[in-house]
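Each residue of the sequence shown is one higher than the one before, counting from 76 in my numbering.
Notes follow once the structure below has been shown.
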Amino acid sequence: MRLKFLFLLLWVGLSQASAEERITIGVGPWFDDQTMTEGYQHFIRYMESTIGVSVEFHVAKDYHDLVNKIAHQRVDIGFFAPASYVEAKAEIPGLYYLATVVYRNKKGELTDHYSSYIVVHKDSGYQSLEDLRDKRFAFTEFHSTSGYLYPTLYLQQKGINPEHYFSQLFMLKRHSKVCAAIAKKRVDAGATYDDALLDANAKFNDQLVVLAESGKIPNDAVAAGTHVSN
């Protein structure tokens, strides 16, 4: 899969980073490291040619790891999922907002948001949330906006406590793993977002279908650490 991003950068002068002739950019673990690295290559090359410094790319092991690396000056600029940005800002008050990502979706539309879904296998016969009672459900991880927070809030608004409603809950870390688990019928349902679903259906021959949309979510926030000069 190729991630195609258009970044509207509200750019700041990076005098300290320029002096060091390197900027480290960190992202969350939305996909495996290789996919993430390949997806950001165009952006990295654009950054290097625009500001004239080398760019090091880092995929954090989890969402909070990215916050820690920004706080300890091991990452200069982070791409934060919405919930992760709120948490990062609370932990690092001086975190400097740069931009919100705008990307071209699979329909060719430029968009500043994405959607979170509850997904099942197409052969499951499940038609409603009631059908998922006492079934196996997969989230990504607790800090994931589309893979945990939004779908959990959606379920709670429907009167469902995931810990009691499902027979088993799994935290599979990555959206690709959630989709694969559903496609291979290792779990009965799971939470993911639109692009991950489209990629999974391309890989698994349209085996996944949407049972419910749990919400529209702003795209990632791009922010610089306090050690990066304005």
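Here a beta-carbon is modelled for each residue, glycine too, at the ideal position from N, C-alpha and C.
Here the structure is a predicted model, which is why all the values come from computation and not from measurement.
Query raised in the report: At what residues does the alpha helix (DSSP H) containing P237 begin and finish?
Result: 237 to 240
Query raised in the report: Just to confirm, are F279 and A258 a CB contact at a threshold of 7 Å?
Result: yes
Query raised in the report: If you count every other CB in all the chains shown that lies within 10 Å of the CB of D151, and 16 or more means buried, which is it?
Result: It counts as buried.
Query raised in the report: By DSSP, does H117 sit in helix, in strand, or in coil?
Result: helix
Query - Proximity to V262 [Cα-Cα], best of R179, L141, K210 - result: K210
Requested in this report: Verify whether the separation of the beta carbon atoms of H310 and Q109 is less than 7 Å.
Outcome: Because the chain in this structure spans residues 76 to 305, residue 310 falls outside the shown range and cannot be described.
Report task. Would you kindly work out how many angstroms separate the C-alpha atoms of S124 and T99, rounded to a whole number? Result -> 15 Å
Query raised in the report: Excluding the five sequence neighbours on either side, which residues of its own chain have a C-beta within less than 8 Å of the C-beta of T175, listed in chain order?
Result: L83, D187, P293, N294, D295, A296, V297
**Report entry** Cβ neighbours of K136 in the same chain (closer than 8 Å, five flanking residues each side left out)
**Finding:** P104
Query raised in the report: Helix, strand or coil for Q148 per DSSP?
Result: coil
**Report entry** Reference K182; option with closest CA among D270, G290, K291
**Finding:** With distances taken between Cα atoms, K182 lies closest to D270.
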